[in-house]
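I have placed the structure first, in the form of structure tokens, so that the comments after it can refer back to it.
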Amino acid sequence: MKDDKQAEPHDSDEEDHEKKPPGKKKRRIWLIMLGIGAVFGALLLTGLLPRLSKDKKRKEQAEKDANALTIVTVEPAAAAPDTTRVELPADTRSNRETFVFARANGFVKTWYTDIGARVKRGQILALLSTPELDQQVAQARASLNLARTSFERLRSIELPGAISQQELDEGRAQYEAQQAVLNGLLAQQGFRRVTAPFGGIVTQRNVEVGSLVSASNAEGTQLFKIEQTDTLRAFVNIPQNFVPGIEPGMTTEILVPEYPNRTFAGRVARDAGALNEETRTLLTQVQVPNTDKLLRPGMFAQVRFQLPRTRPSVVISANALVPSGIEPRVVVVANNKIRYQTIVPGRDFGDQIEVTKGLKGGEMLVVNPIESLRDGQQVEARKPKKEDEKPGSQSKPKAPERPYDPDRPRVETPADKKSDK
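Numbering (full-length UniProt numbering), first residue to last: 1 to 421.
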């Protein structure tokens, strides 16, 4: 019995020992799960908190942007200056130019001047040989001698009634007629010497020794061309809208591409007095002194006029026009509020536009307006920033602006007020 009793406790201990491991396992499992949950929680907090912070900042920025005013760049509408600078293409010609033709039939015996030679008035350019004319002169001399002899014989008769007065008059008339024929032929012989009609420069020579010439002014028969280049003429076609400002004596500037840093003074000499019906332009002649011989006839040039403005107007930036819409409009900023204004544009100056109606000058206009702007919208107006060029900066230097480009169309730009002063 004792053994049995003593064995019972031992069995209970084994049972207790067998019951204890499952509890420890559960605790261990819970601890592991808690650890994993803590790790996942830490990871979740690590990724969630920054996202929540960013979302919060984003919402705050969105609210700030929603409440912020739209920023627009503005420039003032300036009153147009009293004068307008206009540059128009011109054809340059010599002050005097003419072709020299032969006045007698023959051939070239010799020539004395070539192209580029400067000649004086009356200087011999070429000498012609006229054998046929020389024979005609010899025949006329013989006829004149015969007529003189006959007339002298009639006049020497002293017997009254031997000859009538009519016979004597006929003899005198025949003698004078032969004298006139000889004088005409001698005058033609004088044309064997081809001379310069005025002082200038020889720009064409179309003859050689032995060339056959005739007394004709047909195209292609000219021997030489003489041009006087001390003064040039620039012919300009003035558009109708600028015609009222053109007056004789008005000073101008001549621009030539070969001399980009120099201008030549000119003066309006005369105009045609009537507009061309096809082009609606007025042909105007500008005299240009050329004492230094830098300009050559036939050069392409432009004439710059400073024309008085006939009516008051306003000049705005071309970027101030609203890009969309049927009517030309601009966006005016007054008291930090948007207002669309319809305008009537005038002349186009390239980067600037003339406004004849709709603006008085001084209005602040939005540059490059966006389509989302509305009438009455509150905005913040700012003037454009000008970047100051610093020495040693890496910015690309701007090329000097050419006074004009022969290939571009006519351009009109407002005159600078400071240059007028």
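No residue lacks a Cβ here, since even glycine has one placed at the ideal position from N, Cα and C.
Sub-8 Å separation of residue 366 and residue 331 beta-carbons: yes
Three-state class that DSSP yields for residue 426 in the structure shown: There is simply no residue 426 to check, as the chain begins at 1 and stops at 421 in what is shown.
Residue range of the unbroken alpha helix (DSSP H) whose run includes residue 184: 165 to 190
Residue interval of the beta strand (DSSP E) (run including residue 94): 83 to 100
Reduced DSSP category for residue 424 - H, G, I as helix; E, B as strand; rest coil: The displayed coordinates of the chain run from 1 to 421. Any statement about residue 424 would go beyond what the structure contains.
Residue 178 vs residue 143 beta-carbon contact at 8 Å: Contact: yes.
Residue 220 versus residue 230: straight-line alpha-carbon distance, rounded: A direct Cα-to-Cα measurement between residue 220 and residue 230 gives close to 27 Å.
Opposing strand residues paired with residue 211 [DSSP bridges]: In the DSSP output, where bridge partners are listed per residue, residue 211 has none listed.
C-alpha gap between residue 256 and residue 333, whole angstroms: 44 Å
Check whether residue 92 and residue 223 have beta carbons under 8 Å apart: no
Cut-off 7 Å between Cβ atoms - residues of its own chain near residue 163, not counting five sequence neighbours on either side: So the list reads 154, 157, once near-sequence residues are dropped.
Simplified DSSP assignment, three categories, for residue 135: helix
Residue 242 vs residue 283 beta-carbon contact at 8 Å: With contacts defined by Cβ atoms closer than 8 Å, residue 242 and residue 283 do not form a contacting pair.
Strand pairing of residue 80, partner residues [DSSP]: Bridge partners of residue 80: none, in fact.
Three-way DSSP call (helix, strand, coil) for residue 357 in this model: Note: residue 357 maps to strand in three-state DSSP.
Candidates 293, 136, 213: closest to residue 194 by CA position: 213
Residue 152, buried or exposed, once every other Cβ within 10 Å from all chains shown has been counted against 16: exposed
Residue from 116, 355, 277, 264 whose Cα sits closest to the Cα of residue 318: 355
Residue 353 beta carbon less than 8 Å from that of residue 345: yes
Residue 268 - partner residues in DSSP beta bridges: Listed as beta-bridge partners of residue 268 by DSSP are 286.
Residue nearest to residue 357 in terms of C-alpha spacing, selected from 327, 307, 167: Comparing Cα positions, the closest option is 327.
Contact check, residue 189 vs residue 137, beta carbons under 8 Å: yes
Cross-strand partners of residue 239 (DSSP beta bridge): 281
Cβ neighbours of residue 102 in the same chain (closer than 8 Å, five flanking residues each side left out): 128, 191, 194, 213, 214, 215, 216, 221, 223
Stretch-stretch touch, CB-based, cutoff 8 Å, three pairs: the segment 266 to 274 with the segment 51 to 58: no
Top-ranked residue by Cα proximity to residue 341, from 320, 72, 347: 320
Nearest neighbour of residue 298, chosen from 33, 97, 84 [CA to CA]: It is 97.
Check whether residue 125 and residue 113 have beta carbons under 8 Å apart: yes
Residue 377 CB to nearest heavy atom of the ligand GDP below 7 Å: The model on display carries no ligand, and the ligand GDP is accordingly not part of it.
Cut-off 6 Å between Cβ atoms - residues of its own chain near residue 363, not counting five sequence neighbours on either side: 77, 332
Presumed contact (8 Å Cβ cut-off) between residue 384 and residue 73, rounded CB distance: Correct: roughly 5 Å between the Cβ atoms.
Assigned exposure category for residue 106 - 16 Cβ within 10 Å defines buried: buried
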